[in-house]
Structure formats: C-alpha cells, structure tokens
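Asker: One structure, pasted below without further comment.
There are 2 protein chains.
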Amino acid sequence: MAGRGDATRARLIDAARTLVEERGYFGAGLNDVIAAGRAPRGSLYHHFPGGKDQLVAEALAVSGREVTELIAGLAAEASDTAELIEAVLDALADRMEAAGYAKGCPIAAVALEAASGNDVLQRVCADVYGGWERALADRLIADGHAPGRADDLAGSLLALVEGSLVLARAQRSRTPVERARRSARTMLGS
Amino acid sequence: MAGRGDATRARLIDAARTLVEERGYFGAGLNDVIAAGRAPRGSLYHHFPGGKDQLVAEALAVSGREVTELIAGLAAEASDTAELIEAVLDALADRMEAAGYAKGCPIAAVALEAASGNDVLQRVCADVYGGWERALADRLIADGHAPGRADDLAGSLLALVEGSLVLARAQRSRTPVERARRSARTMLGS
DNA sequence: GTCTATAGCCAGATAGAC
DNA sequence: GTCTATCTGGCTATAGAC
Chain A
1 MAGRGDATRA RLIDAARTLV EERGYFGAGL NDVIAAGRAP RGSLYHHFPG
51 GKDQLVAEAL AVSGREVTEL IAGLAAEASD TAELIEAVLD ALADRMEAAG
101 YAKGCPIAAV ALEAASGNDV LQRVCADVYG GWERALADRL IADGHAPGRA
151 DDLAGSLLAL VEGSLVLARA QRSRTPVERA RRSARTMLGS
Chain B
1 MAGRGDATRA RLIDAARTLV EERGYFGAGL NDVIAAGRAP RGSLYHHFPG
51 GKDQLVAEAL AVSGREVTEL IAGLAAEASD TAELIEAVLD ALADRMEAAG
101 YAKGCPIAAV ALEAASGNDV LQRVCADVYG GWERALADRL IADGHAPGRA
151 DDLAGSLLAL VEGSLVLARA QRSRTPVERA RRSARTMLGS
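Following this line, the structure appears as structure tokens:
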C-alpha cells in the first residue's frame, strides 16, 4: 500500500543519508534528521521502530544501491574498466565539489565509526562495499581478466577510489581524485 | 618545567588518540577520555583550555608525527619505494588486526566528520596527510622519479593505503590491505 | 594544579492525545 | 498514522573548594 506515510519515510531516509554522509553516525543527530526530513519525532519511531540504528542502516543500504546503479549505468557507456573507473571518479568528484566537500563516500564515515562497537552497521557497510567490489570485478572479468586477478584488482581500485575521496575531503581539493584517475589506468596496465 | 602535570596531559592525549581513532570525533566523548586517561574533569580544561577541539587537534598531530616517523624508520631499511609501502602496510595491518579492527588510520574518521563544519580540525587533518605525502614523494624522488610525477604517485599511494584501511575495517579482514600491497607494486611499475 | 559538583544543553527514546 | 510533550541520560563546559 503506497500512501503518504511512505513519503514521510522516504524523506527521513533521505535526510539521514545526507547528514550521515556529512557528519557520520555519531555526528548526525536525530533532531537534525527530523528537522531536515520535516517529520515529527513520533513518525520516526513509527516508521523505524528500531530507532537510529535501523534508520541509518536503511539509509546506508539505499546509498549503496544508488552507487551500484551509478556504476552499472556508467559501465554501459565505458569501453573498458579504466574508462569506467574514470567516469565513476569524475561523478563522485563533481558531487563532492558541488557540496563544498561535505560529501564523498556515503558510507565511509560510518564504516570507520562502527568498525568496532556496532555489529549491525558494520555488516551493512561490509555488504555495500562487497557489492561495489563485485560490480567492478564483473566488469574486469568481462574485459578478459581471470576471476581471481579480477577480485584483487577490483578491491584495489575500490581502495584507491575510497582513499582518494578521504584525502580530497580532508584537503578540500579535487587533486587527489585526479591523481587516482591517472593511477587507476597505470594499475590496469593500459 | 617537566612535572606530574605533563604526565596527566600526556595520558589525556594518549586516551584521546585511541578513542578518536576507534570512534571518531563525535563518538569519542570526553567522559570516556578522562576515564581512560585517569584524569579528573578539571585537569582536562586546565591542560586544554580550548576544550575538546584543542585536545583532539593535539592528539591528531601526535598521531601524525608518529606515522611520519614510522615511514622514516621503514624507509631507512627499504631498498626502494615499493618495499617501503609494503612495510608500511604490513605495520598498519598488524596494528589493525591486533586491535580487532578497532584501529586503522588514526585521523581518517575525523577527516571525514570534520571535512565540513570544523575548520580547525580539517586543517590539522590536511596538514597531517600533506606530511605523509611529502615523506613518500621525497623517497620517490630519491629513487629517481621526477618531482611532479613523484607528487602524483605519492598521493595515489597514500590514497591506496587509506582506502585499503577503510575497506579492511569495514570488512574486518586483512585482505584489502594485502591486495593494496600487490597493487602498489604494479603502480610503481616494478 | 588537582579534583568535585553541577550547570546548561542536547541526545535518543517514549507516551498518549488526536 | 500524525504529532506534541516529556522522560532520562549523556554531552561539553564551568565554578570554586582545596
């Protein structure tokens, strides 16, 4: 049954996605989330009886799917994996710059804060990263790499992307992402 | 004048370093810091009149210097940059695993949480990353790389290290770091 | 310079009217 | 299912005895 309640739910998830990406799990207060989502406190616990953990877990999963779809969309237009990585980095860097370096990877901050101490969120982050890695590895295999080698490469390409976003936000500069762009090509040997 | 006050100060910085690395800026409460540092509340504000921001800024700076020294120490034994990166990754991975994936990069979580919204901490993180990058670039130049190329490579190697630590903590696995180890060699073309 | 007590505020969560 | 009022507890920071 789709109703107005779903709209409220969606707004809360959207607000959580934004605030969690900008300030992390502990930095994103629920008061800010309900204000940004224009929802009363009660609605939050109606839609997310599991409280903050459930809301953030769902927000991370949605962001994860969005990036997976971004990768799939860009993969359809890229002629090889190197072009795909470049397109992904360009898209993420544009988004980051447009947000004044308040955005980068939507799940990295939570991944670090929750690595120890919150098993539910740690699992969600691991799954999201696993999905992105899988998408890259599939493309590498389609490009002719051996499966085992493809997994290794996909993991390192993802690490390069993630790390460049951390450095770019810390230094408020697009440079680390552009360097990663070039290095990805070197890693892929083309 | 070295006195007992300095010991208290050092304990507080040490406690802040640990807790901030594990849970980030917002996740590391001062109550936990003073408990771990075995110091009363008043001492914290005596030694750090600037409050939490000053304490965390100093903690990040100390951690930054420690890693810089780690790089310098390992560089003295490594025969080339590839060996240096491998040794750095091994050391960080050992530390991470020993801590049950509660540790990784001592400043990454804060870098993400403070990228927007806390100019003081953002600057500290940018400086620390800049110092590590400089140390790697210097070694690359010593190995015969052209300065401009060395800066690019150093930035990407650092991104690869940082990203692999994020993935490793999220997945609670050493694998991402080991993949980065191999890929660093590919990036350096040896 | 060490330490306690507490102010003042905001967090996450809940109860219950409508 | 929407919304308000409120509970409890934790947070950062400060005041002031010793």
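Line by line, the protein sequences are chains A and B. Going by UniProt numbering, the first sequence opens with residue 1, and the numbers climb by one from there. Going by UniProt numbering, the second sequence opens with residue 1, and the numbers climb by one from there. Note that the Cβ used here is the ideal one computed from N, Cα and C, for glycine as well. Please read these numbers as outputs of a predicted model, since none were measured by experiment.
(1) Assuming contact is defined by CB atoms lying nearer than 7 Å, are I71 of chain A and A28 of chain A in contact in what I supplied?
(2) Please report the distance separating the alpha-carbon of L167 of chain B from that of A15 of chain A.
(3) Check whether the region 143–163 of chain A and the region 37–54 of chain A are in contact - that is, three or more C-beta pairs closer than 8 Å.
(4) In chain B, which residues lie with their C-beta within 7 Å of the C-beta of P176 of chain A?
(5) Going by CA-CA distance only, name the one from A:A99, A:S116, A:G37, A:Y101 that's closest to M96 of chain B.
(6) Of all the alpha helix (DSSP H) runs that stay within the bounds of the UniProt domain "HTH tetR-type" (6–66) of chain A, which reach a length of 4 or more residues?
(7) Confirm, please, whether the CB-CB distance from E58 of chain B to I107 of chain B is below 7 Å.
(8) Is there a Cβ from chain B that is less than 7 Å from the Cβ of D152 of chain A?
(9) Please confirm whether A82 of chain A and S190 of chain A have their CB atoms less than 7 Å apart.
(10) I want to see whether chain A comes within less than 7 Å of R169 of chain B, judged by CB atoms only; does it?
(11) Closer than 7 Å, CB to CB, is M96 of chain A near chain B or not?
(12) Judging by CA-CA distance, which residue of A:V67, A:L84, A:E21, A:R41 is the nearest neighbour of D127 of chain A?
(13) Compute the beta-carbon to beta-carbon distance between F26 of chain B and E113 of chain B, rounded to the nearest angstrom, for a pair I have assumed lies under 8 Å.
(14) Using a Cβ cut-off of 7 Å (strictly closer), state whether R149 of chain A contacts chain B.
(15) Quick one: which chain A residues come within Cβ less than 7 Å of residue 209 of chain B?
(16) Check distances from the C-beta atoms of the region 27–55 of chain B to those of chain A and list, in chain order, the residues that come in under 7 Å.
(17) To the nearest angstrom, how far is the alpha carbon of C105 of chain A from that of E22 of chain A?
(18) Would you list, in chain order, the members of the region 115–141 of chain B that have their beta-carbon closer than 9 Å to a beta-carbon of chain A?
(19) Can you tell me where the alpha helix (DSSP H) with S173 of chain A in it begins and where it stops?
(20) Using a Cβ-Cβ distance cut-off of 7 Å, determine whether E22 of chain A contacts chain B.
(21) To test your reading of the DSSP string, which unbroken alpha helix (DSSP H) runs of 4 or more residues are found completely within the region 113–158 of chain B?
(22) State the Cα-Cα distance for the pair P176 of chain A and H46 of chain A, rounded to the nearest angstrom.
(23) Please list, in chain order, the chain A residues whose beta carbon lies closer than 9 Å to that of G104 of chain B.
(24) Within the 7 Å Cβ cut-off, does G144 of chain B reach chain A?
(25) For chain B, find out if any of its Cβ atoms is closer than 7 Å to the Cβ of A10 of chain A; answer yes or no.
(26) Is DSSP giving I107 of chain A helix, strand or coil here?
(27) CB V124 of chain A to CB L60 of chain A, shorter than 7 Å?
(28) In three-state DSSP terms, what is G163 of chain B?
(29) Might you give, ordered along the chain, the residues of its own chain that have their beta carbon closer than 7 Å to the beta carbon of A137 of chain A, omitting 5 neighbours on each side?
Answerer: A quick look at the data gives this:
(1) no
(2) 25 Å
(3) no
(4) G155, A159
(5) Ranking A:A99, A:S116, A:G37, A:Y101 by CA distance to the CA of M96 of chain B puts A:S116 first.
(6) 30–36, 41–47
(7) no
(8) Chain B contact via Cβ: present.
(9) yes
(10) yes
(11) Look at M96 of chain A: its C-beta is not under 7 Å from any C-beta on chain B.
(12) A:V67
(13) 6 Å
(14) For R149 of chain A, the nearest beta carbon of chain B is not closer than 7 Å to its own beta carbon.
(15) Here chain B covers residues 1 to 190 and nothing more, so residue 209 of chain B does not appear.
(16) The region 27–55 of chain B vs chain A, Cβ under 7 Å: G27.
(17) 9 Å
(18) A115, S116, G117, Q122, C125, A126, V128, Y129, G130, E133
(19) Premise fails: S173 of chain A is in no alpha helix (DSSP H) and is neither H nor E.
(20) Answer yes: the Cβ-Cβ gap between E22 of chain A and chain B drops below 7 Å somewhere.
(21) 119–142
(22) 43 Å
(23) L112, A115
(24) No, G144 of chain B does not count as interfacial toward chain A.
(25) Cβ-Cβ to chain B under 7 Å: no for A10 of chain A.
(26) coil
(27) yes
(28) Three-state DSSP puts G163 of chain B in a helix.
(29) A150, D151, A154
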